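First comes the structure, then the notes that go with it.
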Amino acid sequence: MRIAVFGATGMAGSAIVAESASRGHHVLALSRHPRPDEARGTRITQMAADVGDPAALDPALSEVDAAVLAVRLAPGDEHRLAALTRGLLDAAERRDAPVLVIGGSAPLRSPSDPGTLLIDDPEHVPEAWRRIARASLEQYRACAAHPYRGWVYLSPPAMLERGEQSGGYRRGTTTLLVDEHGRSRIAAADLALAVLDELEHPGRDRHFTVVQAAATNRSER
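Going by numbering that gives the first Met the number 0, the letters in the sequence shown line up with residues 0 to 220, in that order.
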């Protein structure tokens, strides 16, 4: 499989690039400032590209089987996220390329009150996080309203962290997942497992989420 990863030098993006290559896929690692020293092996091609530049999108998607949007914007630029996502979906529609969007947890439902979106639950989204939470909710709504239906939206848990791959995750749909200790977290390396599992074996959920789990509980379809 040929996979384009936008935001390839970020925490999630770099983990997805590494996991893709380890599974034998060819990866086009796209970012505004590529890091050639991080491209190990012949399966990874680094390319300078800004997902906000419409002229860069068609060439980036011209020969890929799927694209992953793993971009995180700088503080103060969060309001651009929905528009950037719409632009990528426009280009993907022209190329008929499936897109997996690594979004935010705000569009999920609260585990303590299924009638409440996570963004409105201060237990999980304190005031300091509301700006990025609003941006991720608008990003999800941009996907839902787009005429192209070749997208999947992955909401990470409340905390996405660096760390070693545990080999395990638990998958859910539209409600925030927590572990046996009430924590909602996952290492980027385990998030990458979920991303590649979805790309290789697409599920039926257009919106899903994951949480860290023991290796024996690894999601399988």
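Don't be surprised by glycine CBs; every beta carbon is placed ideally from N, CA and C.
Only a predicted model underlies this, so the values are computations on that prediction, with no experimental measurement involved.
Within the continuous alpha helix (DSSP H) that includes residue i, where are the two ends?
i, result
"Tyr139", "129–144"
"Leu195", "187–199"
"Ser21", "10–21"
"Ala66", "Looking at the DSSP string, Ala66 is not in any alpha helix (DSSP H); the run it does join, the beta strand (DSSP E), is 65–68."
"Glu160", "That residue, Glu160, is in no alpha helix (DSSP H); its beta strand (DSSP E) goes 158–160."
To the nearest angstrom, report how far apart residue i and residue j are at their CA atoms.
i, j, result
"Thr173", "Thr208", "7 Å"
"Arg161", "Gly86", "29 Å"
"Arg236", "Ile131", "Outside the shown range of the chain, which is 0 to 220, sits residue 236, and nothing can be said about it."
"Leu88", "Gly6", "16 Å"
"Thr215", "Leu192", "Confidence at Thr215 is low in this model, with a pLDDT of 45, below 50, so the placement of that residue should be treated as unreliable; the coordinate-derived value is given next. Approximately 14 Å between the Cα atoms of the pair."
"Ile43", "Ala82", "28 Å"
"Val26", "Arg1", "6 Å"
"Ala212", "Ala127", "27 Å"
"Leu56", "Ser30", "12 Å"
"Ser21", "Glu179", "30 Å"
"His123", "Ala134", "16 Å"
"Met158", "Arg182", "9 Å"
"Thr41", "Ser19", "12 Å"
Given that a residue counts as buried once 16 or more other Cβ atoms are within 10 Å of its Cβ, and exposed if not, what is residue i?
i, result
"Thr115", "exposed"
"Asp196", "buried"
"Ser61", "exposed"
"His78", "exposed"
"Arg169", "buried"
"Pro201", "exposed"
"Phe111", "According to the sequence displayed, residue 111 carries Ser and not Phe. So Ser111 ends up on the exposed side."
"Pro156", "buried"
Would you please state the rounded distance, in angstroms, between the beta carbons of residue i and residue j? I believe it to be under 8 Å.
i, j, result
"Met46", "Ala28", "7 Å"
"Pro106", "Tyr139", "4 Å"
I'd like the span of the beta strand (DSSP E) that includes residue i, first residue to last.
i, result
"Ala90", "Premise fails: Ala90 lies in the alpha helix (DSSP H), 80–94, not in any beta strand (DSSP E)."
**Message:** Does the structure place the segment 5–15 close enough to the segment 65–72 that three or more beta carbon pairs sit under 8 Å?
**Reply:** In short, these stretches touch, since the Cβ pair count reaches three.
**Message:** Quick test of the definition: if touching needs 3 or more C-beta pairs under 8 Å, does the segment 170–186 touch the segment 196–211?
**Reply:** The segment 170–186 and the segment 196–211 touch, with no fewer than 3 CB-CB distances between them shorter than 8 Å.
**Asked** Is it true that the segment 100–108 meets the segment 145–158, where meeting means three or more beta-carbon pairs spaced less than 8 Å apart?
**Response** A contact exists between the segment 100–108 and the segment 145–158.
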